[in-house]
Amino acid sequence: MEAIEKNNASNTHQEKAKKLRKLRRWQIAVSLLGAAIVVWGIVEVACLFLGYNRTETSNDAQIEQYISPINLRASGYIKKIYFTEHQEVHKGDTLLVLDDREYKIRVMEAEAALKDALAGATVIGATLQTTQTTASVYDASISEIEIRLAKLEKDRQRYQNLVQRNAATPIQLEQIETEYEATRKKLEATKRQQKAALSGVNEVSHRRESTEAAIQRATAALEMARLNLSYTVVVAPCDGKLGRRALEEGQFITAGQTITYILPDTQKWIVANYKETQVENLHIGQKVTITVDAISDKEFTGTITAISGATGSKYSLVPTDNSAGNFVKIQQRIPVRIDFTNLSKEDNEKLAAGMMVIVKAEL
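First residue of the sequence shown? That's 97 in the working numbering, and the numbers climb one at a time after it.
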């Protein structure tokens, strides 16, 4: 019995020793962990008081995206609207149709004006051909009369010699001279008629140039009328998502008016407004960690691609002017562009322009 009791006591003592060793190991581990936490806290506090940060952080940042207005290029009453707010559209999808009756009438008027100009050109062409033919006829007549006049000149000289030798009578010479004078006057009259005909040719040629210019004007007017008619159908300029809609069918809208906005399916980026005292630690190509408030369970990465050359207030419609005498110093912020480096198509669709983010630039 005594031997059994001794064995039990020995076992109990060994178990207590094991428990004490385990307890000491836990105490050591907890002590080491506590010491590490204390050291980490001291380092963080020291960094805080010494002004040293391993990152430059800004929560004044948001997602940006190109937002393009869709403007009308023609005025009129809305006939049909084919889109709703925030709808996904593809390039070429019809968004809106205007009442096009007036524009079709203008196309018909332009077509009629072009036909009229073409008809005028046909008439001018025929007139020009006639006047040119007439002028060419006068050329032949003048040549014939000049030949006749040259022959009469020779006959007159010959009869003058014959009369001097009494081989011909003065009456014969007088007849030749009368015929010569009549032919000469006929030549002069024909040349005057030819000159008038050539003047008519020149006039008709100028009228033809004017008619050709009228045809060009009518053609341009027709093209413009057709172009304005095409503007009555408004289509999506690219793939993307539409913005707000504030139009109703039957409403009158003018050229240049914005009917909605479209957000293209393009990559998004971030504009972070860092304090001016932080910018000295930033540079292009610097790595950035991004946390989106709307997707808090995921962390994105990016790089700085551009740093503004002016503060954000300088781009406002009414920049701050401190020359009036009332000066209050306010810390300015510098816009910094950050592009995503690991943004998938699915994440890109989840992000929306204007979402707030927190960015941390690694130093």
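Think of the CB as a built atom: it goes at the ideal place given N, C-alpha and C, for glycine as much as any other residue.
Item	Value
Rounded C-alpha distance that separates Ser440 from Pro165	26 Å
Three-state class that DSSP yields for Glu458 in the structure shown	strand
Nearest to Ile241 (by Cα), restricted to the options Glu275, Thr230, Ile267 and Pro266	Glu275
Entirely enclosed beta strand (DSSP E) segments - the region 187 to 261, minimum 3 residues	190 to 194
Span separating the alpha-carbon of Ala457 from that of Asp389	17 Å
Within 9 Å, strictly: CB atoms of Gly336 and Ile366	no
Endpoints, beta strand (DSSP E) assigned at Glu442	Taken as a continuous stretch (DSSP letters only), Glu442 belongs to no beta strand (DSSP E), being part of the alpha helix (DSSP H) at Lys441 to Lys446.
Leu191 and Thr350 closer than 9 Å at C-beta	no
contact_flag[the region 376 to 394, the region 192 to 204] where n(CB pairs < 8 Å) is 3 or more	no
Inter-residue Cα distance where the pair is Phe179 and Gly188	13 Å
Between the CA atoms of Lys250 and Lys291 - distance to the nearest angstrom	28 Å
Enclosing beta strand (DSSP E) for Lys364 [first to last residue]	No beta strand (DSSP E) contains Lys364, which DSSP labels as neither H nor E.
Inter-residue CB distance, Gly221 and Arg304 (contact presumed, cutoff 8 Å)	7 Å
C-alpha gap between Ile243 and Asn262, whole angstroms	28 Å
Span separating the alpha-carbon of Gln428 from that of Gly405	13 Å
Stretch pair the region 317 to 333 + the region 122 to 133: three plus CB contacts closer than 8 Å	no
Pick from Asp235, Ala309, Gln253 and Leu269 that is closest to Leu283, judged by C-alpha positions	Asp235
Val455 and Ala332 closer than 9 Å at C-beta	no
Any alpha helix (DSSP H) of 4 or more consecutive residues that is wholly inside the region 345 to 405	none
For Gly450, the residue or residues it bridges with in DSSP	Partner(s): none; Gly450 has no beta bridge.
Alpha-carbon to alpha-carbon, Lys364 and Ala402	14 Å
Distance between beta carbons of Thr328 and Gly216, contact taken as under 8 Å	The Cβ separation is near 31 Å, so there is no contact.
Reduced DSSP secondary structure (H/G/I, E/B, other) of Val424	coil
Residue span of the beta strand (DSSP E) that contains Ala264, given as start and end	That residue, Ala264, is in no beta strand (DSSP E); it is neither H nor E in DSSP.
Per-residue DSSP class, three states only, for Gly172	strand
First through last residue of the beta strand (DSSP E) which encompasses Leu338	Gly336 to Leu338
Per-residue burial, Glu376 [other beta carbons within 10 Å of its own, 16 or more giving buried]	exposed
Local conformation of Arg429 per DSSP, three classes	strand
Span of the beta strand (DSSP E), counted from its first residue to its last, around Glu160	Thr151 to Glu160
Residue of Gly398, Glu395 and Ile430 minimising C-alpha distance to Thr407	Ile430
Through-space distance from Lys211 to Ile471, alpha-carbon basis	This structure cannot speak to residue 471, because the chain is shown only from 97 to 459.
Proximal residues to Gln382 (C-beta, below 6 Å), its chain only, five neighbours per side dropped	Ile400 and Ala457
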